[in-house]
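S.K.:
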Amino acid sequence: METPITRVAEHQRQTLDFMLDSLGLRHAHDEVVRRDRIAELETTVTALGAENRALRAEVQQLEHQLYPLESEIAAFEREMDGRLALERERAADGI
Numbered sequence: 001m002e003t004p005i006t007r008v009a010e011h012q013r014q015t016l017d018f019m020l021d022s023l024g025l026r027h028a029h030d031e032v033v034r035r036d037r038i039a040e041l042e043t044t045v046t047a048l049g050a051e052n053r054a055l056r057a058e059v060q061q062l063e064h065q066l067y068p069l070e071s072e073i074a075a076f077e078r079e080m081d082g083r084l085a086l087e088r089e090r091a092a093d094g095i
């Protein structure tokens, strides 16, 4: 009779195999190869995350070059909104 842990582990392996098939990734048929493949995928995910962050920073730089005054305009608008709110508050208080 199979132990529950063995059945769960086998089900997890079958699920992993299904997901790998769905993604078109290669199978690892023993634990050593599976661990190596997981380490390889973790490294790939880390590298892709770093590349994604670098690309986002580059996009921000390009946007800043394209719209150099955008941040100054936004700061000016915030200041004006604050002044208007203060004047409205004073007018409402009757000062």
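Here this note's numbering is used: the first residue of the sequence shown is 1, the next is one more, and so on.
Cβ atoms here follow ideal geometry from the backbone N, Cα and C, with glycine treated the same way.
Could you please give the first and the last residue of the uninterrupted alpha helix (DSSP H) stretch that includes Asp64?
M.R.: Correcting the residue identity first, residue 64 is His in this sequence and not Asp. Residues Glu31 to Leu66.
S.K.: Using the Cα positions of Leu69 and Gln12, report the straight-line distance between them to the nearest angstrom.
M.R.: 54 Å
S.K.: Going by beta carbon distance, what residues of the same chain come within less than 7 Å of Leu62, once the five residues before and after it are set aside?
M.R.: By the criterion of a C-beta distance shorter than 7 Å, Leu62 is surrounded by no residue of its chain, once the five residues flanking it on both sides are discounted.
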